[in-house]
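Everything on this sheet refers to the single structure shown next.
Number of protein chains: 2
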Amino acid sequence: MKDLGHGANINSMAKEYNKNPKDIIDFSSNVNPKVISGLEKYIIEGLAECRSYPDINYTNLKNNISKYISVSQDFIIPGNGATEIIYLLMKSINKRLAILNPTFSEYERSAKLNNLEILHLNLDIENKFEVNMELIKENIDKFDSLFICNPNNPNGKVKDLTELLKLMLENNKLLIVDETFMEFVEDEEKYSLVKYIEKYENLFILKAVTKFFGMPGLRLGYGLSSNKDIIEKIYHYKEPWTINSFADTLSNYIFKDEEYISQSKNYYIQERQYMLKELRSIKNITVYDTDTNFVLIKLSTKSANDIKVQLFKEGNILIRDASNFIGLSNDYIRIAIKSHDENELLIKYMKKILGD
Amino acid sequence: MKDLGHGANINSMAKEYNKNPKDIIDFSSNVNPKVISGLEKYIIEGLAECRSYPDINYTNLKNNISKYISVSQDFIIPGNGATEIIYLLMKSINKRLAILNPTFSEYERSAKLNNLEILHLNLDIENKFEVNMELIKENIDKFDSLFICNPNNPNGKVKDLTELLKLMLENNKLLIVDETFMEFVEDEEKYSLVKYIEKYENLFILKAVTKFFGMPGLRLGYGLSSNKDIIEKIYHYKEPWTINSFADTLSNYIFKDEEYISQSKNYYIQERQYMLKELRSIKNITVYDTDTNFVLIKLSTKSANDIKVQLFKEGNILIRDASNFIGLSNDYIRIAIKSHDENELLIKYMKKILGD
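Top to bottom, those sequences are chains Z and S. Numbering-wise (this note's numbering), the first sequence opens with residue 1 and increments by one. Numbering-wise (this note's numbering), the second sequence opens with residue 357 and increments by one.
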């Protein structure tokens, strides 16, 4: 694989700096460190299931997701991570796509590979990454679909997209919202657009088990839409059996673990406050507000790469150099909010390097 | 998913005939019934790995495959089953593809979805599905690549493709060989073209863990080629993290299980003889030779669908109606060779229905 510029590249960094990958704490990928308990016994069940082909229609899996998010099975498209759904969606929409930047780079890559015309619009970086409604209105005739991540990666702030959805509906445009970080948000009910899925066909939402349920290696995500045309096109292109039997089996348990869900939510409500307070006591950085499990930081005296290397060498800590996000300069870094002990360690090293 | 015409559709059949899917014996998908022992303890390790992103380069996985098949890591492209590799390959080759039919339907589907020009050539059904070299020579200027499955699905006979490879090399055409059933063959060394991968760039081979290692739900396959241009194109299109952490982890063990490998090989050498002998004692059917883990049968007095329904209703047995393979009429069925007890049961019901 050529370097796609994502985080979590522990192995190559460890090799370069002669460290054991197992000693590195990964703040570069945004995954919930909490562990769903008791999955060991269910994974043995998954191993047995693995000896047959997965159900090509994933009826059981769709049923589990349906109960979790209260959306009809008919509007759920399960995928090998949200990534599979992003790539399928790019094959299934009209030619002209606007992307609100800075954001997750796979939107652009998948759009380019499918020869879409990409219009890069920008969140208002000077104004805390607000959605620039005026800019969208000015360009409304130049795109068919608009892709936004909410809460956005890399800045982590959630937005109320009701006005934007209204604008899209009025102009018959498709709104694509990546909500893979939405479950970390305190007032998820208010901000998530899932409640509009059955009502509006001009909406497509991406979700995943990866981040909030802390299992990127399980490879389970899903798309939501009541747009029959898009669903039909997606299934026209979809490859069979893309989701493994372990994901199918574990879906019987993870979505029902209310204790894990509420503990994770509560943990992040607390820990965000702690992290923002501590980070803001560090010199020479601007710390952006966040509603999710990562924090964007602008450095004033060091480059992103310099502090990334320093933290790696001195603290065995890997952070994300955010300078390859479109619109961000080489002084932006992104850090995940991990377990409290790990967060303390990061803060300690950042204070040591930058001063407090 | 719309119906792609594959086997293993137990759930829909069970629903239609009011049966419990758990009671059905699946002879419609060709999966080794032997179980690799001791994977339970390793799958717990996989669960822990699943809490981080898989290595985007799958270095460990490629290393395990490399040792198993004695091919350099540089020429191994791991995939979410062989299916992912088939679809990527269809994006990465020249426009004109010849397919030797009857064969696995995903070759055609993936080629169509990528707008390839498909030339359907036929194995010589009247001559036991021999590769018709004359037909290929006559059409050599009409295609850039030739797709063949060896041993072929649905007839199960292995072919010596040395002559065909030579013809392709002389004419600078790409030979694509699906060898996902090759490990079942008694003289695998002789028939597999893996030994030519490092030598010839005009060769692409598909392999999978699905069939021989009996784990379709794991979703692990791989492509082999030393053709730099094709490898580069495949990685240009490849989506990140398509292989789950369980597959990555289990690759540390399954390829090294020499006891499983030799026992499976020996079992199939014996069991094929038993199955062919017993099946050939049944009236009104033609039983084709096989070198792998399934058998193609032509019915003389019943349609494929009739006997499929009868076996399902009377014996709780699901077989594959093979009439949707290109070139086969509605009197062909395909049955997997499963455990000896299960095979006995199938023979019993087939004798009961067809007479012996």
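Glycine included, each C-beta is placed from N, C-alpha and C at the ideal position. Since the structure is predicted, the reported quantities are computational estimates derived from the model, not experimental observations.
Proximal residues of chain Z, C-beta to C-beta of residue i below 8 angstroms
{"i": "residue 412(S)", "result": "1, 4, 6, 8 and 9"}
{"i": "residue 391(S)", "result": "51"}
{"i": "residue 385(S)", "result": "52 and 53"}
{"i": "residue 382(S)", "result": "52"}
{"i": "residue 415(S)", "result": "11"}
Chain S residues whose Cβ lies nearer than 9 angstroms to that of residue i
{"i": "residue 149(Z)", "result": "Within chain S, no residue comes near residue 149(Z); the closest Cβ sits about 17 angstroms away, beyond 9 angstroms."}
{"i": "residue 330(Z)", "result": "Correct list: empty, because the minimum Cβ distance to chain S is about 23 angstroms."}
Neighbouring residues, chain Z, relative to residue i (Cβ below 9 angstroms)
{"i": "residue 680(S)", "result": "Within 9 angstroms Cβ-Cβ: nothing; residue 680(S) doesn't reach chain Z, min ~15 angstroms."}
{"i": "residue 537(S)", "result": "Result: empty, since nearest Cβ-Cβ is about 15 angstroms, beyond 9 angstroms."}
{"i": "residue 420(S)", "result": "Correct list: empty, because the minimum Cβ distance to chain Z is about 16 angstroms."}
Cut-off 7 angstroms between Cβ atoms - residues of its own chain near residue i, not counting five sequence neighbours on either side
{"i": "residue 515(S)", "result": "487 and 506"}
{"i": "residue 427(S)", "result": "550, 553, 554 and 580"}
{"i": "residue 548(S)", "result": "535 and 538"}
{"i": "residue 222(Z)", "result": "65, 76, 77, 78, 79, 85 and 207"}
{"i": "residue 238(Z)", "result": "88"}
{"i": "residue 634(S)", "result": "703"}
Buried versus exposed call for residue i [16 or more other C-beta atoms within 10 Å across all chains shown]
{"i": "residue 640(S)", "result": "exposed"}
{"i": "residue 155(Z)", "result": "buried"}
{"i": "residue 262(Z)", "result": "exposed"}
{"i": "residue 8(Z)", "result": "buried"}
{"i": "residue 115(Z)", "result": "exposed"}
{"i": "residue 280(Z)", "result": "exposed"}
{"i": "residue 373(S)", "result": "exposed"}
{"i": "residue 322(Z)", "result": "buried"}
{"i": "residue 81(Z)", "result": "buried"}
{"i": "residue 473(S)", "result": "exposed"}
{"i": "residue 393(S)", "result": "exposed"}
{"i": "residue 660(S)", "result": "buried"}
{"i": "residue 664(S)", "result": "buried"}
{"i": "residue 157(Z)", "result": "buried"}
{"i": "residue 657(S)", "result": "exposed"}
{"i": "residue 141(Z)", "result": "exposed"}
{"i": "residue 559(S)", "result": "buried"}
{"i": "residue 361(S)", "result": "exposed"}
{"i": "residue 266(Z)", "result": "exposed"}
Amino acids of chain S, ordered along the chain, whose beta-carbon sits closer than 7 angstroms to that of residue i
{"i": "residue 81(Z)", "result": "597"}
Where residue i meets chain Z, residues with beta-carbon distance less than 7 angstroms
{"i": "residue 396(S)", "result": "44 and 47"}
Spatial neighbours of residue i in its chain, beta-carbon cut-off 6 angstroms, leaving aside the 5 residues before and after
{"i": "residue 229(Z)", "result": "none"}
{"i": "residue 557(S)", "result": "582 and 583"}
{"i": "residue 49(Z)", "result": "245 and 249"}
{"i": "residue 110(Z)", "result": "86, 87 and 90"}
{"i": "residue 122(Z)", "result": "101 and 327"}
{"i": "residue 542(S)", "result": "625"}
Cut-off 8 angstroms between Cβ atoms - residues of its own chain near residue i, not counting five sequence neighbours on either side
{"i": "residue 409(S)", "result": "597"}
{"i": "residue 632(S)", "result": "643, 645, 646 and 651"}
{"i": "residue 383(Z)", "result": "Outside the shown range of chain Z (1 to 356) lies residue 383(Z), about which nothing can therefore be said."}
{"i": "residue 599(S)", "result": "410, 414, 417, 434, 435, 436, 575 and 576"}
{"i": "residue 11(Z)", "result": "21"}
Closer than 6 angstroms: residue i CB and nearest the ligand GTP heavy atom
{"i": "residue 291(Z)", "result": "The ligand GTP is not part of the structure shown, which contains no ligands of any sort."}
Could you run through the segment 562 to 596 of chain S and flag, in chain order, every residue whose CB is less than 7 angstroms away from some CB of chain Z? Going along the segment 562 to 596 of chain S in chain order, one finds 570, 571, 572, 573, 574, 575, 591, 593, 594, 595 and 596 with a Cβ nearer than 7 angstroms to chain Z.
The segment 334 to 350 of chain Z touching the segment 305 to 319 of chain Z, judged by at least three CB pairs closer than 8 angstroms: Taking 8 angstroms as the limit for Cβ pairs, the verdict is that the segment 305 to 319 of chain Z does touch the segment 334 to 350 of chain Z.
With three or more beta-carbon pairs closer than 8 angstroms as the criterion, would you say the segment 411 to 428 of chain S touches the segment 603 to 616 of chain S? At 8 angstroms Cβ cutoff, the stretches touch.
Three-pair Cβ contact test at 8 angstroms for the segment 22 to 37 of chain Z versus the segment 206 to 218 of chain Z: The segment 22 to 37 of chain Z vs the segment 206 to 218 of chain Z: in contact.
Give a yes or no on contact between the segment 167 to 175 of chain Z and the segment 133 to 145 of chain Z, applying the rule of three or more CB pairs nearer than 8 angstroms. Judged by Cβ distances under 8 angstroms, the segment 167 to 175 of chain Z makes contact with the segment 133 to 145 of chain Z, as three or more pairs qualify.
Residues, ordered as in the chain, of the segment 72 to 99 of chain Z that lie near chain S by beta-carbon distance below 8 angstroms: Taking 8 angstroms as the Cβ-Cβ cut-off, the segment 72 to 99 of chain Z approaches chain S at 80, 81, 83, 84 and 87, given in chain order.
Using Cβ-Cβ distances below 9 angstroms, what residues of the segment 469 to 497 of chain S are close to chain Z? Taking 9 angstroms as the Cβ-Cβ cut-off against chain Z, the residues of the segment 469 to 497 of chain S that qualify are 469.
If you pair each beta-carbon of the segment 582 to 595 of chain S with each one of the segment 441 to 450 of chain S, do three or more pairs fall below 8 angstroms? With the cut-off at 8 angstroms, the segment 582 to 595 of chain S and the segment 441 to 450 of chain S touch.
Can we say the segment 457 to 477 of chain S touches the segment 407 to 416 of chain S, given the rule of at least three CB pairs closer than 8 angstroms? At 8 angstroms Cβ cutoff, the stretches do not touch.
Check each residue of the segment 635 to 668 of chain S: if its Cβ is closer than 7 angstroms to any Cβ of chain Z, include it; give the result in chain order. Of all residues in the segment 635 to 668 of chain S, none places a beta-carbon less than 7 angstroms from a beta-carbon of chain Z.
Along the segment 245 to 266 of chain Z, where does the CB come closer than 8 angstroms to a CB of chain S? Name the residues. Going along the segment 245 to 266 of chain Z in chain order, one finds 245, 246, 247 and 248 with a Cβ nearer than 8 angstroms to chain S.
Segment contact flag, the segment 285 to 299 of chain Z with the segment 325 to 337 of chain Z, C-beta cutoff 8 angstroms, min 3 pairs: As far as the Cβ criterion goes, the segment 285 to 299 of chain Z touches the segment 325 to 337 of chain Z, which means the pair count is three or higher.
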